[in-house]
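A short worksheet on the structure shown next.
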């Protein structure tokens, strides 16, 4: 039984080929009149200079392709050698696409139900080439709609973003009770002179800002120094034992899918975060001793919400919700200390950032 070959395909067809003797995966696309090679892939193979000729064409999904020239390529499939003049694109999602120019000139037939194509061999029978699953596809990030802002827009946006300089926000101290009282002694962190200097600098900054104070608390959580990506050290307190006996706050954190759905109809966006967000939430005097930690020469406790407390994210989200008030889910959303303002028109967006923070 002979199945009639397809002239079109509903999904991308991938096969293994060699381009100028470089192995790769190619899309065979009956919906494309031309063959295209990605510039980044072309740079990895041996090739002659190509003819520069800039122009733009569109894919079936109306995505623009930036064509910068043409080049003649050798395409090998198993024992068969073919040639094609391919357009060179900077933003193709795969290494190479073989279009109808290559398909027709080489009498290629696609059989979708059998997941294979055939190509005639001049020295023998038809050669069957099985479809393969692509190793990866590199989809470019593209704008859905292109927007041109009026000339005065940048100045207006800069002015409305000055809410970052507002005075520190004051809220009622937030309390979460501990189920039982325990004493947690810890051996002091053994550090060299350089790390000791880092500890001293961080503690001094916290003291000067009033974010910690000297303590006589029986509690003590250990200090840890964590290396960041830039190889500098981050000053942290390990509150795992304190967190283990803390009553958990069930205040919900936002769902990413709900957030994306809410933002889908907007056109203009402004994103900002709260400077030292946790440190703007004061602790009640009764809870401060539970946050205590020791250095080599003193004992301290936080006066504000420290990083690493199990209820920190829920507490801070409750604070942010209080700030945003009725603007939440209307044109403002928050994730921990990141806030995004979204609007359908530019005129609305000039007003929304200030309205959401007043």
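Numbering (this note's numbering), first residue to last: -6 to 351. Backbone N, C-alpha and C fix where the C-beta goes; we use that ideal spot for every residue, glycine too.
* Can you name the residues that DSSP bridges to residue 373? -> Limits of the chain in this structure are -6 at one end and 351 at the other, which puts residue 373 out of reach.
* To do: With distances taken Cα to Cα, identify the nearest neighbour of residue 221 among 215, 229 and 339.
  => Along the chain shown, read from residue 1 onward, the residue named residue 221 stands at position 228. Answer by Cα proximity: 229.
* Excluding the five sequence neighbours on either side, which residues of its own chain have a C-beta within less than 6 Å of the C-beta of residue 10, listed in chain order? -> Numbered from its first residue, the chain shown carries residue 10 at position 17. Excluding positions up to five away in sequence, the list reads 19, 68 and 70.
* Let me know the secondary structure DSSP gives residue 283 once reduced to three states. => Residue 283 sits at position 290 when you count from the first residue of the chain shown. In this structure, residue 283 counts as helix in the three-state DSSP scheme.
* Asked: Looking at residue 30 and residue 112, is the spacing between their C-beta atoms short of 8 Å?
  -> Taking the first residue of the chain shown as 1, we reach residue 112 at position 119. Taking the first residue of the chain shown as 1, we reach residue 30 at position 37. The answer is no: Cβ separation not under 8 Å.
* Would you call residue 95 buried or exposed, if buried means 16 or more other Cβ atoms sit within 10 Å of its Cβ? -> Counted from its first residue, the chain shown places residue 95 at position 102. It is buried - the Cβ of residue 95 has at least 16 other Cβ atoms within 10 Å.
* Segments assigned beta strand (DSSP E), at least 3 residues, entirely inside the region 283 to 326 -> 292 to 295
* Three-way DSSP call (helix, strand, coil) for residue 268 in this model -> The sequence position of residue 268 within the chain shown is 275, counting from 1. Three-state DSSP puts residue 268 in coil, outside helix and strand.
* Is the beta carbon of residue 217 sitting closer than 8 Å to the one on residue 288? -> To locate residue 217, count along the chain shown from 1; it is residue 224. To locate residue 288, count along the chain shown from 1; it is residue 295. No; because the gap between Cβ atoms is not below 8 Å, this pair is not in contact.
* Using alpha carbons as the reference points, say which of 76, 6 and 269 lies closest to residue 128. => Residue 128 sits at position 135 when you count from the first residue of the chain shown. Closest by C-alpha distance to residue 128, out of 76, 6 and 269, is 6.
* List the DSSP bridge partners of residue 227. => By one-based count along the chain shown, residue 227 stands at place 234. 219.
* To do: Entirely within the region 73 to 114 and at least 4 residues each: give me those alpha helix (DSSP H) ranges in chain order.
  => 93 to 98
* Is the beta carbon of residue 109 sitting closer than 8 Å to the one on residue 123? -> Taking the first residue of the chain shown as 1, we reach residue 109 at position 116. Taking the first residue of the chain shown as 1, we reach residue 123 at position 130. Going by C-beta atoms, residue 109 is nearer than 8 Å to residue 123.
* Answer with yes or no whether the minimum CB distance from residue 122 to chain D is below 8 Å. => Absent from the structure: chain D. Only one protein chain is present.
* Under the DSSP definition of a beta bridge, which residues are partnered with residue 274? -> Your numbering for residue 274 matches position 281 in the chain shown. Per DSSP, none; premise fails for residue 274.
* Asked: Would you report the Cα separation of residue 333 and residue 256, rounded to the nearest angstrom?
  -> If you number the chain shown from 1, residue 333 lands on position 340. If you number the chain shown from 1, residue 256 lands on position 263. Taking the straight line from one Cα to the other gives about 9 Å.
* To do: Tell me whether residue 299 is buried or exposed, calling it buried when 16 or more other Cβ atoms sit within 10 Å of its Cβ.
  => As a working note, residue 299 is residue 306 in the chain shown. Under this definition residue 299 is a buried residue.
* To do: Helix, strand or coil for residue 35, going by three-state DSSP, please let me know.
  => In the chain shown, the residue the question calls residue 35 occupies position 42. It is helical.
* **Element boundaries [beta strand (DSSP E), containing residue 241]** => By 1-based counting over the chain shown, the position of residue 241 is 248. Here residue 241 belongs to no beta strand (DSSP E), and DSSP marks it neither H nor E.
* To do: Ignore the nearest five residues each way along the sequence and tell me which others in residue 52's own chain have a CB closer than 7 Å to its CB.
  => Translated into positions along the chain shown, residue 52 becomes position 59. The residues are 58.
* Where does residue 252 sit, in a helix, a strand or coil, going by DSSP? -> The sequence position of residue 252 within the chain shown is 259, counting from 1. Residue 252: helix per DSSP, three-state reduction.
* Asked: Where does residue 47 sit, in a helix, a strand or coil, going by DSSP?
  -> On the chain shown, residue 47 is found 54 positions in, with the first residue counted as 1. In this structure, residue 47 counts as strand in the three-state DSSP scheme.
* In chain order, what residues of the same chain lie with their CB nearer than 6 Å to the CB of residue 75, ignoring the 5 residues before and after it? -> In the chain shown, counting from the first residue as 1, residue 75 sits at position 82. 68 and 99.
* **For residue 349, three-class secondary structure by DSSP** => Within the chain shown, numbered from 1, the residue matching residue 349 stands at position 356. Residue 349 falls in the helix class under three-state DSSP.
* Which residue from 297, 223 and 43 puts its Cα closest to that of residue 77? -> What you label residue 77 is simply residue 84 of the chain shown in a count that begins at 1. When each option's Cα is compared against that of residue 77, the closest is 43.
* For the beta strand (DSSP E) that residue 337 lies in, which residues bound it at each end? -> If you number the chain shown from 1, residue 337 lands on position 344. For residue 337, there is no enclosing beta strand (DSSP E), as DSSP gives it neither H nor E.
* Between the CA atoms of residue 86 and residue 292 - distance to the nearest angstrom -> Counted from its first residue, the chain shown places residue 292 at position 299. Counted from its first residue, the chain shown places residue 86 at position 93. Near 58 Å, if we compare the C-alpha coordinates of residue 86 and residue 292.
* Asked: Are the Cβ atoms of residue 223 and residue 266 separated by less than 8 Å?
  -> Numbered from its first residue, the chain shown carries residue 223 at position 230. Numbered from its first residue, the chain shown carries residue 266 at position 273. Result no, Cβ atoms of residue 223 and residue 266 do not sit closer than 8 Å.
* Asked: In chain order, what residues of the same chain lie with their CB nearer than 6 Å to the CB of residue 327, ignoring the 5 residues before and after it?
  -> Taking the first residue of the chain shown as 1, we reach residue 327 at position 334. Around residue 327: 313.
* **Status (buried if at least 16 other CB within 10 Å, exposed otherwise) for residue 125** => The residue you call residue 125 lines up with position 132 of the chain shown. Under this definition residue 125 is an exposed residue.
* **Cβ-based burial, residue 324 [other Cβ within 10 Å; buried from 16]** => Indexing the chain shown from 1 puts residue 324 at position 331. Residue 324 comes out buried.
* Kindly indicate which residue of 241, 348 and 305 has the alpha-carbon position closest to the one of residue 321. => Translated into the one-based positions of the chain shown, residue 321 becomes position 328. For the residues 241, 348 and 305, the minimum Cα distance to residue 321 belongs to 348.
* **Delimiting residues of the alpha helix (DSSP H) encompassing residue 190** => Along the chain shown, one-based indexing puts residue 190 at 197. Here the alpha helix (DSSP H) through residue 190 covers 186 to 201.
* Asked: Looking at C-alpha atoms only, which residue of 340, 35, 317 and 60 is the closest neighbour of residue 47?
  -> In the chain shown, the residue the question calls residue 47 occupies position 54. Of the listed residues, the one whose Cα sits closest to residue 47 is 60.
* **CB contact flag (residue 40, residue 80, <8 Å)** => Working through the chain shown from its first residue, we reach residue 40 at position 47. Working through the chain shown from its first residue, we reach residue 80 at position 87. Cβ atoms of residue 40 and residue 80: not closer than 8 Å.
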